[in-house]
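The block underneath contains the structure these notes are about, expressed in C-alpha cells.
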Amino acid sequence: MTREATAVTREVLWRRVMDELGFEHARVRRDQEGTELSGLILVAEQGSPLRVEYSVVCDAAWRTRRVMVTQTWRGVRRSLTLEHDGGGHWRRDGMEAQELEGCTDVDLGLSPSTNALPINRLRLDEGCTAEIQAAWVRFPSLDVTPARQGYARVGPARYRYESLSSGFNAMLDVDADGLPVEYAGVWRQVAEGPAAPESPAEAFTNALVSPEPSSELGDAAATFGWLVGGWAGAIHDPAADGTVRQSEGEWWFHWVLEGRALQDVFIVPSRRTRGSAQPQPGTGNRYGTTVRTFDAAAGLWRIVWVNPVTGALNRLAGRREGDTIILLGEVQGQPIRWSFHDIRPDSFTWRGEEQDSAGHWKLQAQFDLRRIA
C-alpha cells in the first residue's frame with residue numbers, strides 16, 4: 009500500500025464571523041509520519057485584499073517542524089520560512105532565530121487552524137492546564153515574536169485559550185482533529201469534508217520546488233539567487249550570413265532540491281507566441297532547462313543545460329567575477345562561454361559565445377531580458 013493511500017485527508021472551511029471580512033480554506037493531511045496543515049486565507053486588511061497561503065508540517069507527536077507562508081497584500085508578495093528542530097531551536101529564512109528560543113509551536117495570527125497544534129501536542133486531560141511559548145506570526149507585517157499562551161481543557165471538546173501577554177481569552181469548541189468548530193465568535197467552521205489527494209503535478213512540484221536556498225550554500229547562493237522569478241524579452245540569434253533572428257522569450261527560475269540547486273525553464277519563442285503549431289526544431293527554438301549546483305571544493309557553480317527540442321546538452325562551470333557571471337565549457341571540442349552582464353534588479357543581458365580556432369570569441373546568441381515576476 010502506498011504512503012498516499014494510507015494518508016487521511018480532509019478539508020475545512022471557516023468564516024470570520026467577528027466582522028464577516030474573511031474566510032479560510034484549510035487542508036489536513038495525516039499519516040504515520042505526521043501531520044500537515046495547509047491552507048488559504050482571504051481577508052480584508054486595512055481596506056485591501058490580503059491573501060495568505062501556508063503550510064505547517066508536524067512530526068508524529070505534533071511538534072511543529074517546518075512552516076512556510078506566502079502573503080500578497082497591496083501588490084507586494086512576501087514569504088516566510090520557519091524551521092524548528094523540535095527542541096525549541098528555530099531558524100527563520102535559513103538564519104538562526106535566537107529570539108524564538110524555547111517556542112514549541114507556531115501560531116499564525118490570522119488562522120484558527122494552528123490552535124490545533126498545541127491541543128494535539130499537549131493532549132491535556134479534562135480539567136488540566138498548560139502554558140506554552142509560541143512563535144506568533146503577525147499579518148501583514150510577517151513579524152514573528154514569542155508569545156506566552158495558556159490552554160485549559162474545560163470539557164471533552166472544549167478548551168479555554170489565553171494570551172498571557174495581552175490577557176485575551178476565548179473558548180474553543182473543537183472537532184476530532186482539534187480544529188476549532190467555534191472560536192468564541194471570531195471564527196466559525198462552516199463546512200468540512202474529505203479532501204482529494206494531490207494531483208501528480210502538485211505532488212511533483214511540491215517534491216521539487218524549494219522556498220529558499222539551502223543554508224549549506226552560504227554566500228554562494230547570491231551568485232544566482234537574484235534570478236529567482238520570471239524574465240522576458242528579446243532573444244537575438246545571429247546567422248552565418250550576418251542576419252539576426254529576433255524572437256520573444258521567457259525565462260523562469262526557482263530554487264529546487266531542498267534549496268541545494270537553482271533550476272530554470274527557458275522558452276523561445278515564448279508560450280503566448282508558440283501557438284498551437286509548434287515551431288520546427290532548429291536554431292532559435294528552445295524549450296529546455298538548466299540545473300545549477302555549487303561545487304564548494306572548487307568554489308565553482310556547475311550547470312547542465314538540456315534542450316530536448318534540438319537535443320542540446322551543455323555542461324559549464326564558473327563564478328561571479330566583479331559585475332559579471334562567467335561560465336566556461338566545451339561543445340564538440342570548441343570552447344564556449346556563457347555570461348551575464350549589466351545585472352540590475354529588473355534587467356540583465358545574457359551572452360552565449362563560441363571560441364574560434366584563432367582564439368576569438370564569436371557571439372552565438374544574446375538575450376536582453378526584463379523582470380516580469
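Plus 8 on top of the position in the sequence shown (first one is 1) and you've got my numbering. All C-beta atoms, glycine included, are put in the ideal place defined by N, C-alpha and C.
Residue i versus the options, residue with shortest Cα-Cα distance
{"i": "Ala269", "options": "Tyr295, Glu220, Leu371", "result": "Glu220"}
{"i": "Thr112", "options": "Tyr295, Arg156, Val84", "result": "Arg156"}
{"i": "Glu170", "options": "Leu116, Glu139, Asp249", "result": "Glu139"}
{"i": "Ser173", "options": "Gly186, Pro154, Ala184", "result": "Pro154"}
{"i": "Ser365", "options": "Asn293, Gly193, Gln342", "result": "Gln342"}
{"i": "Arg129", "options": "Gly94, Gly117, Phe147", "result": "Gly94"}
{"i": "Ser278", "options": "Gln271, Gly296, Trp263, Val236", "result": "Gly296"}
{"i": "Leu21", "options": "Gln79, Ala69, Gln197, Tyr167", "result": "Gln197"}
{"i": "Leu132", "options": "Glu91, Gly186, Asn315", "result": "Gly186"}
{"i": "Asp227", "options": "Trp358, Gly102, Arg82", "result": "Gly102"}
{"i": "Glu28", "options": "Val194, Arg35, Gln106, Val145", "result": "Val194"}
{"i": "Thr89", "options": "Thr78, His97, Gly96, Gly83", "result": "Thr78"}
{"i": "Ala15", "options": "Leu58, Val36, Phe375", "result": "Val36"}
{"i": "Val339", "options": "Arg328, Gly319, Asp354", "result": "Gly319"}
{"i": "Leu225", "options": "Gly257, Pro188, Arg300", "result": "Arg300"}
{"i": "Leu125", "options": "Tyr167, Pro57, Arg85", "result": "Tyr167"}
{"i": "Arg85", "options": "Ile243, Thr281, Val60", "result": "Val60"}
{"i": "Gly337", "options": "Lys370, Thr281, Val312", "result": "Val312"}
{"i": "Ile351", "options": "Gln40, Leu235, Glu91", "result": "Leu235"}
{"i": "Ala248", "options": "Leu335, Ala373, Gly237, Asn315", "result": "Ala373"}
{"i": "Ala215", "options": "Ile243, Pro316, Glu266, Pro188", "result": "Glu266"}
{"i": "Ile243", "options": "Arg359, Val182, Glu53, Thr80", "result": "Arg359"}
{"i": "Pro246", "options": "Phe232, His368, Glu361, Ala68", "result": "Glu361"}
{"i": "Phe232", "options": "Phe212, Gln106, Val276, Arg310", "result": "Arg310"}
Endpoints, beta strand (DSSP E) assigned at residue i
{"i": "Asn128", "result": "Not the beta strand (DSSP E): Asn128 falls in the alpha helix (DSSP H), residues 124-130."}
{"i": "Trp70", "result": "Counting along the chain, Trp70 falls outside any beta strand (DSSP E), and DSSP gives it neither H nor E."}
{"i": "Ile380", "result": "Per DSSP, Ile380 belongs to no beta strand (DSSP E) and is neither H nor E."}
{"i": "His33", "result": "30-39"}
{"i": "Ser355", "result": "355-363"}
{"i": "Gln340", "result": "It is not in any beta strand (DSSP E) - Gln340 carries neither H nor E in the DSSP assignment."}
{"i": "Thr43", "result": "42-53"}
{"i": "Ala325", "result": "320-329"}
{"i": "Arg24", "result": "Neither: Arg24 is in no beta strand (DSSP E) and is coded neither H nor E."}
{"i": "Asn293", "result": "Premise fails: Asn293 is in no beta strand (DSSP E) and is neither H nor E."}
{"i": "Leu429", "result": "Within the shown structure, residues of the chain are numbered from 9 to 381, placing residue 429 beyond reach of any answer."}
{"i": "Ala171", "result": "Looking at the sequence shown, residue 171 is not Ala but Ser. Counting along the chain, the beta strand (DSSP E) containing Ser171 begins and ends at 166-171."}
8 Å contact criterion, which residue i and residue j should meet: CB distance rounded
{"i": "Ser149", "j": "Gly47", "result": "That pair is no contact at about 20 Å."}
{"i": "Ile158", "j": "Glu134", "result": "This sequence places Gly at residue 158; Ile is not what is there. Not a contact, Cβ separation roughly 16 Å."}
{"i": "Ser308", "j": "Gly326", "result": "Here residue 308 turns out to be Leu, not Ser, going by the sequence shown. Correct: roughly 6 Å between the Cβ atoms."}
{"i": "Trp263", "j": "Asp272", "result": "Incorrect: roughly 11 Å between the Cβ atoms, too far for contact."}
{"i": "Arg161", "j": "Cys136", "result": "6 Å"}
{"i": "Pro202", "j": "Arg18", "result": "6 Å"}
{"i": "Tyr191", "j": "Ala178", "result": "6 Å"}
{"i": "Gly2", "j": "Trp144", "result": "Nothing can be reported for residue 2: it is not among the residues displayed for the chain, which extend from 9 to 381."}
{"i": "Ser347", "j": "Ile333", "result": "6 Å"}
{"i": "Gly292", "j": "Arg328", "result": "Their Cβ separation, rounded to whole angstroms, is 28 Å, which puts Gly292 and Arg328 out of contact at 8 Å."}
{"i": "Val51", "j": "Leu58", "result": "5 Å"}
{"i": "His97", "j": "Glu109", "result": "7 Å"}
{"i": "Trp65", "j": "Arg74", "result": "Reading off the sequence shown, one finds Val at residue 65, where the question assumed Trp. Contact holds; Cβ gap of about 4 Å."}
Residue i, buried or exposed, once every other Cβ within 10 Å from all chains shown has been counted against 16
{"i": "Asp294", "result": "Residue identity differs from the one stated: residue 294 is Arg in this sequence, not Asp. By the neighbour-count rule (16 or more Cβ atoms within 10 Å), Arg294 is buried."}
{"i": "Ile380", "result": "exposed"}
{"i": "Asp115", "result": "buried"}
{"i": "Ser119", "result": "buried"}
{"i": "Thr10", "result": "Its pLDDT being 44, under 50, Thr10 is placed unreliably in this model, and the coordinates cannot settle the point."}
{"i": "Leu321", "result": "exposed"}
{"i": "Leu377", "result": "buried"}
{"i": "Ala13", "result": "Residue placement at Ala13 cannot be trusted, given a pLDDT of 48 that sits under 50; what the coordinates show is reported in the next sentence. So Ala13 ends up on the exposed side."}
{"i": "Thr43", "result": "buried"}
{"i": "Pro208", "result": "exposed"}
{"i": "Phe375", "result": "buried"}
{"i": "Leu371", "result": "exposed"}
{"i": "Ala8", "result": "Since the first residue shown for the chain is 9 and the last is 381, residue 8 is missing from the structure and cannot be characterised."}
{"i": "Met26", "result": "exposed"}
{"i": "Thr298", "result": "buried"}
{"i": "Asn123", "result": "buried"}
{"i": "Arg323", "result": "exposed"}
{"i": "Val314", "result": "exposed"}
{"i": "Val188", "result": "The residue you asked about is not Val; residue 188 is Pro in the sequence shown. Per the 10 Å Cβ criterion, buried."}
{"i": "Ala240", "result": "buried"}
Check: residue i C-beta below 7 Å from any heavy atom of the ligand ADP
{"i": "Thr298", "result": "With respect to the ligand ADP, the structure offers nothing, as it holds no ligand at all."}
Short CB-CB distance (under 8 Å) between residue i and chain D
{"i": "Ile140", "result": "Considering every chain present, this structure includes no chain D. It has just one protein chain."}
Mind listing, in chain order, the continuous beta strand (DSSP E) runs of no fewer than 3 residues lying wholly within the stretch 209-282?
-> 237-246, 252-264, 269-276
Complete alpha helix (DSSP H) runs within the stretch 75-158 (minimum length 4 residues, chain order) = 124-130
Jot down the residue ranges of each uninterrupted beta strand (DSSP E) in the stretch 176-215, minimum 3 residues, whole runs only, in chain order.
-> 177-182, 188-191, 195-202
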